[in-house]
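Student:
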Amino acid sequence: MSATDVIKRYFDAFNANDTEAMLACLDADVAHHVNEGQVRIGKVRFAEFCAHMSHCYDETLTEMVLFEAEGGTRAAAEYLVNGVYLNSDAGLPEARGQGYRLPAGSFFSLKDGRITRIVTYYNLADWIRQVS
């Protein structure tokens, strides 16, 4: 299975709100680097993050473009986040069901068909402007 196949499966699971299927794509010691946040290590911490995100946000990713580096150990994705802000997140504006569209990107490292590192970037100031 190619790196882009693994990443596609991961994002398909994201869009289906299927955390278990996302976790199946990850290495046990995955390093999850979130925009404006701390690095989380391991599937348990990643699952906790997903639960929090699902509580606060309803998001679907569209206009997905996947890239793979030679050797299949690195991949990247560019996409649009189409979301609804469901419940207020600490330190951010109050949620009132605001919609948003936000360009974003993710970078991945892979080993033995599993994702070992995820780095996600988006423009937080743009998101705050859209929901304020």
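Residues in the sequence shown are numbered consecutively from 1, following full-length UniProt numbering.
Note that beta-carbon positions come from the ideal geometry of N, C-alpha and C, so glycine has one too.
1. Is the region 75 to 93 touching the region 51 to 66 in the sense that three or more CB pairs, one from each, lie closer than 8 Å?
2. Pull the bridge partners of Lys43 from the DSSP assignment, please.
3. Considering just the uninterrupted stretch of the beta strand (DSSP E) at residue 133, what are its terminal residues?
4. I'd like to check one pair, Ala77 with Ile128: are the Cβ atoms closer than 9 Å?
5. Is the Cβ-Cβ distance between Val81 and Pro103 less than 9 Å?
6. Say whether the region 22 to 34 touches the region 60 to 79, bearing in mind that this needs 3 or more beta-carbon pairs closer than 8 Å, one atom from each stretch.
7. Taking Lys43 as the reference, give the member of Leu92, Ile118, Leu124 and Tyr122 with the closest Cα.
8. Throw me the rounded Cβ distance for the Ala28 and Ala21 pair, which I believe falls under 8 Å.
9. With DSSP as the reference, label Val6 as helix, strand or coil.
10. If we count the other Cβ atoms within 10 Å of its Cβ and call it buried at 16 or more, is Ala3 buried or exposed?
11. Verify the contact flag: His52, CB atom, against every heavy atom of the ligand MG, threshold strictly below 8 Å.
12. State the beta-bridge partners of Ser109 as determined by DSSP.
Tutor: With the structure as the only source:
1. yes
2. In the sequence shown, counting from the first residue as 1, residue 43 sits at position 43. In DSSP, Lys43 forms no bridge with anything.
3. Beyond the ends of the chain as shown, which are 1 and 132, falls residue 133; an answer cannot be given.
4. One-based indexing of the sequence shown puts residue 128 at position 128. One-based indexing of the sequence shown puts residue 77 at position 77. Their beta carbons are not under 9 Å apart, which means Ile128 does not touch Ala77 by this criterion.
5. Taking the first residue of the sequence shown as 1, we reach residue 81 at position 81. Taking the first residue of the sequence shown as 1, we reach residue 103 at position 103. Cβ distance < 9 Å, so Val81 and Pro103 count as in contact.
6. no
7. As a first step, residue 43 must be located in the sequence shown, where it is residue number 43. Residue Ile118 is the option with its Cα nearest to Lys43.
8. Along the sequence shown, one-based indexing puts residue 28 at 28. Along the sequence shown, one-based indexing puts residue 21 at 21. Not really, about 16 Å apart at Cβ, beyond 8 Å.
9. Numbered from its first residue, the sequence shown carries residue 6 at position 6. DSSP places Val6 in helix when its eight states are reduced to three.
10. Indexing the sequence shown from 1 puts residue 3 at position 3. Buried, since its Cβ has 16 or more Cβ neighbours within 10 Å.
11. The ligand MG is absent from the structure shown, which contains no ligands of any kind.
12. The residue labelled residue 109 in the question sits at position 109 within the sequence shown. DSSP output for Ser109 lists Arg74 and Arg117 as bridge partner(s).
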